[in-house]
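Novice: Mind having a look at this structure? Questions to follow.
Numbering (my numbering), first residue to last: 14 to 197.
Below, the structure is given as structure tokens:
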């Protein structure tokens with residue numbers, strides 16, 4: 014059965030310079046959830062990891078290896094969409110395969126399940142490539158600039174969000190506003 018995407022708005026842009034993902038749980042219980050513990054660097058940083066998630070004791074930050082600085086914006090949307098019951102699409106050919114597509118703007122960090130801007134950007138990109146090919150076929154130096162792709166498609170499977178869902182359902186992660194340090 015295919016889940017239906019509903020409109021989910023992101024009322025505020027969650028930019029990584031303004032927000033971070035904070036761990037609010039019990040570090041001692043992470044091992045029981047399958048997290049591996051490491052001490053890193055000469056500063057003796059303590060970190061637990063599972064799948065792509067890393068929970069850092071210093072600062073209580075949670076980071077995501079694959080999402081990088083997009084993580085706070087993506088988590089914000091996943092929480093708003095209801096991380097326990099995300100609307101995964103089921104493959105019509107392989108019923109045991111499902112995914113969720115989200116789209117994020119690389120500069121503004123706007124994150125949405127709506128593919129409209131992403132698809133328009135891709136159309137424009139491929140039209141520019143076709144125009145360049147035409148120029149080359151006519152023996153001209155290509156003058157058509159390729160537009161920068163500003164929207165990125167992110168694809169999640171139920172398995173790829175399971176560790177994140179587990180922490181969210183326990184109430185162990187929150188999106189926190191960074192406190193200005195006053196430094197330039």
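Glycine included, each C-beta is placed from N, C-alpha and C at the ideal position.
Is residue 186 buried or exposed, if buried means 16 or more other CB atoms sit within 10 Å of its CB?
Specialist: The sequence position of residue 186 within the chain shown is 173, counting from 1. By the neighbour-count rule (16 or more Cβ atoms within 10 Å), residue 186 is buried.
Novice: Looking only at DSSP bridge pairs, what is residue 62 linked to?
Specialist: Walking along the chain shown from the start, residue 62 turns up at place 49. DSSP lists 49 and 67 as partners of residue 62.
Novice: For residue 164, which three-state DSSP category applies?
Specialist: Numbered from its first residue, the chain shown carries residue 164 at position 151. Three-state DSSP puts residue 164 in a strand.
Novice: I need the DSSP call for residue 117, collapsed to helix, strand or coil.
Specialist: In the chain shown, the residue the question calls residue 117 occupies position 104. Here residue 117 sits in strand by DSSP.
Novice: Going by C-alpha distance, which of 31, 110 and 123 is nearest residue 193?
Specialist: Your numbering for residue 193 matches position 180 in the chain shown. Measuring from the Cα of residue 193, the nearest candidate turns out to be 31.
Novice: Looking only at DSSP bridge pairs, what is residue 76 linked to?
Specialist: Here residue 76 corresponds to residue number 63 of the chain shown, with the count starting at 1. Note: residue 76 sits in a beta bridge opposite 67.
Novice: One question on the structure: do residue 164 and residue 184 come within less than 9 Å of each other, judged by their Cβ atoms?
Specialist: In the chain shown, the residue the question calls residue 164 occupies position 151. In the chain shown, the residue the question calls residue 184 occupies position 171. No.
Novice: Roughly how many angstroms separate the alpha carbons of residue 151 and residue 139, rounded to a whole number?
Specialist: Translated into positions along the chain shown, residue 151 becomes position 138. Translated into positions along the chain shown, residue 139 becomes position 126. Each residue's Cα considered, the two are about 19 Å apart.
Novice: Buried or exposed, going by whether 16 or more other CB atoms sit within 10 Å of the CB of residue 104?
Specialist: Counting from one through the chain shown, the residue named residue 104 turns up at place 91. Classification of residue 104: exposed, given that the 10 Å Cβ count is below 16.
Novice: By how many angstroms is the C-alpha of residue 74 removed from the C-alpha of residue 26?
Specialist: Numbered from 1 along the chain shown, position 13 holds the residue referred to as residue 26. Numbered from 1 along the chain shown, position 61 holds the residue referred to as residue 74. Looking at the two C-alpha atoms, the distance is approximately 20 Å.
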